[in-house]
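Colleague: I have a structure I would like to understand better, so I am pasting it below and will then ask my questions one at a time.
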Amino acid sequence: MFQAILCDDNEIILEGLSSQIKWKDLGIELTATAADGNEAWELIQKNPPDLLITDIRMPYMDGLELSKKARELNPNIVILIISAYDDFQYARTAMHLQAFDYILKPIDVDQFCRVLENAVLHCSQLHYDKRLMITEYLRSIVTQDASDLPAPSPDLDLDPGSYCCALHITMDEESLKRRSNDIRYEEEQKFSAFSTSLCQPGCYLLDSRHNSYTLALLSGSKLELITLRKILIDSVRKIFPYDGQNCDVIIASGNLCHNLNRLNESMKSVAEALKLHFIKGTNSDIFYEEVVSYIGKEADPSPKLPLSGTTLISLIKKQDKKGLERELLQLKENLRQCGRESYLYMTFSISRLYTDLASELGSSGIELQDVFDNPMEEFKKVASSTTLEESIENLKQNLFKIVDSLNARKSKYGKQVEQAIDHIKHHYSESTLSIEDVARTVCLSTSYFSTIFKNETGITFTDYLIKIRMERAKNLLENTHMKMYEISSMTGYENAAYFSAAFKRYFGKSPSDVQNHR
């Protein structure tokens, strides 16, 4: 809807045009009328219109002088001149002032409406062109050194002292992956169609990529800018609400800056705001104003973890899931607090905790290979989680799987076989470990122990020991850069050549083949 001011000293014409023309149907809001040039000029200065419709002959200030002043104030204003004087001199002056059209009295209403329709189309084109030029200028601020840029053209009506901020709106890819193909396509189409809602006053689309938009918001005051930002975010949340039923959408706002030349600064701060997504989780609105308290300090190069692997091992051995859940909730809160030192601290803490946990499990006789098909993939899932909530949840699920595995093992084997398995897992690296040693540990004769071990596990003691040693060796080959003789020694083989032959018999490929394909 374009704003217009109508000015004529003839009260009948002024009232007639005001009431007879269906302004809103034409896409025009008649914001004011005036009976002379001075009154019209005061109205124009208070609220510059898109369209000025003015008579020529008026008291105090004629329509040509009024048009000249209006053009100086707003170079893009569309001017319609009304006159009862079919005089070439007036027409020539009107043309010089770039009047859009020159209308003679008496006015034909139908003809006048056609002129207004054309004027609205012209306004639309001017606004479109102006928006494109402003957008290009703002892009140049972001991509170039602002100090090297010329001042914006007066035609753009850009105040260099305006308040500005960058805004990034993106669909969460992990959230999309969890949807079926049909729903994913539907959500992406909705997001794509939303771009038309972004073309509102003060909002400029700087970049549009697959499932993301980057915008610049401009306003004359900080309060107005905050209001504009809220209106825009609310419009996004009407389509993609916080309830999680739709695909998750992340909105990140950069710093609010007082000067157009600082738009690049706001754009860079969007990247800092997005780091807070790890803490706030999916489907969140993130403002740079709240980021500083989280990531304003340098990271501690050797942070102390708020929860140790030893504590978790103790709870796992007790099969205390409630205790684990309680500790993980505390861990999450601790990481939120510690995370104020740096975003990297949180991701580092979660990753290192999982590494320490794996080490503690191994020294306690619990091998991750017995629980997970691919322990490294489980570690990567925790370490690469996009939010703190997701990271803690993945860690919890892994701990619960370990507890369930222990519970299943204890219900499967008798107490003495269970003790024997624990002893084997603690001492398999000793080359001298024998069935006699293990039988003695569980206070049974060698022959009787051999029988009950085979009956309960389904394999002989020797085969079980080889299985433990081979799986441990394979894990070391795949996930470390240790020398062959080191791995051989760590898995109970004094002779590296014998170890290599045994490994190939067990897996059908040599240790070097495994190392080369990791």
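The numbering used here applies: residue 1 is where the sequence shown begins, and numbers increase by one.
We put the beta carbon where it would ideally sit given N, CA and C, even for glycine.
1. Pairs of beta-carbons, one from the segment 32-49 and one from the segment 3-17, closer than 8 Å: are there three or more?
2. Below 6 Å CB to CB, which residues in the same chain sit around residue 235 once its five sequence neighbours on both sides are set aside?
3. I'd like the span of the beta strand (DSSP E) that includes residue 153, first residue to last.
4. Which ranges would you report for the alpha helix (DSSP H) in the segment 26-59 if only whole runs of at least 4 residues count?
5. Just how far apart, CA to CA, sit residue 284 and residue 134?
6. May I have the straight-line CA-CA distance separating residue 486 from residue 240, to the nearest angstrom?
7. Grab the span of the alpha helix (DSSP H) containing residue 176 for me, first residue to last.
8. Based on the DSSP secondary-structure assignment, which residues constitute the bridge partners of residue 209?
9. Would you call residue 1 buried or exposed, if buried means 16 or more other Cβ atoms sit within 10 Å of its Cβ?
10. According to DSSP, is residue 217 part of a helix, a strand, or is it coil?
11. On the DSSP letters alone, give me the boundaries of the alpha helix (DSSP H) that residue 185 sits inside.
12. Could you tell me the distance, in whole angstroms, from the CA atom of residue 496 to the CA atom of residue 185?
13. The alpha helix (DSSP H) spanning residue 473 covers which residue range?
14. One question on the structure: do residue 282 and residue 248 come within less than 8 Å of each other, judged by their Cβ atoms?
15. Do residue 251 and residue 167 have their CB atoms nearer than 8 Å?
16. Check the DSSP bridge columns for residue 2 and list the partner residues they point to.
17. From residue 499 to residue 369, what does the alpha carbon distance come to, in whole angstroms?
18. Below 7 Å CB to CB, which residues in the same chain sit around residue 399 once its five sequence neighbours on both sides are set aside?
19. Measure the Cβ-Cβ separation of residue 423 and residue 441 and say whether it is below 8 Å.
20. Could you give the first and the last residue of the continuous alpha helix (DSSP H) run that contains residue 449?
21. Using a 10 Å radius around the Cβ and a threshold of 16 neighbouring Cβ atoms, would you call residue 59 buried or exposed?
22. Just to check my reading of the structure: residue 279 and residue 336 have Cβ atoms closer than 8 Å, yes? What is that Cβ distance to the nearest angstrom?
23. Counting only the same chain and skipping the five closest in sequence on each side, list residues whose C-beta sits under 8 Å from that of residue 18.
24. Buried or exposed for residue 395, please, with buried defined as at least 16 other CB atoms from any protein chain shown within 10 angstroms of its CB.
25. Taking the CB atoms as reference points, tell me whether residue 206 and residue 193 lie closer together than 8 Å.
26. Going by CA-CA distance only, name the one from 287, 438, 178 that's closest to residue 271.
27. Select from 179, 429, 261 the residue whose C-alpha is nearest the C-alpha of residue 245.
28. Is it right to say residue 165 is buried, meaning 16 or more other beta carbons lie within 10 angstroms of its own, or is it exposed?
29. Reducing DSSP to helix, strand and coil, say where residue 420 ends up.
30. Quick one: give me the first and last residue of the alpha helix (DSSP H) that residue 507 is part of.
31. Could you name the residues of the same chain whose beta carbon sits closer than 6 Å to that of residue 472, not counting the 5 residues immediately before and after it, in chain order?
32. Under a three-way DSSP split, which group does residue 299 fall into?
33. Taking residue 462 and residue 417 to be in contact with their CB atoms under 8 Å, please state how far apart those CB atoms are, rounded to whole angstroms.
34. Taking the straight line between their C-alpha atoms, what separation do you get for residue 378 and residue 430?
35. Ignore the nearest five residues each way along the sequence and tell me which others in residue 188's own chain have a CB closer than 6 Å to its CB.
36. What does residue 101 pair with, by DSSP beta-bridge criteria?
Modeller: The answer reads as follows:
1. yes
2. 197
3. Run containing residue 153: none; DSSP gives neither H nor E here.
4. 37-46
5. 30 Å
6. 56 Å
7. 173-177
8. 212
9. exposed
10. strand
11. 181-193
12. 56 Å
13. 461-479
14. yes
15. yes
16. 28
17. 20 Å
18. 312, 316, 324
19. yes
20. 446-457
21. exposed
22. 6 Å
23. 6, 30, 33
24. buried
25. no
26. 287
27. 179
28. buried
29. helix
30. 496-507
31. 491
32. For residue 299, the pLDDT reaches just 45, beneath the cut-off of 50, and the residue's location in the model is therefore unreliable, leaving the point undetermined.
33. Contact doesn't hold; Cβ gap of about 15 Å is too wide.
34. 29 Å
35. none
36. 80
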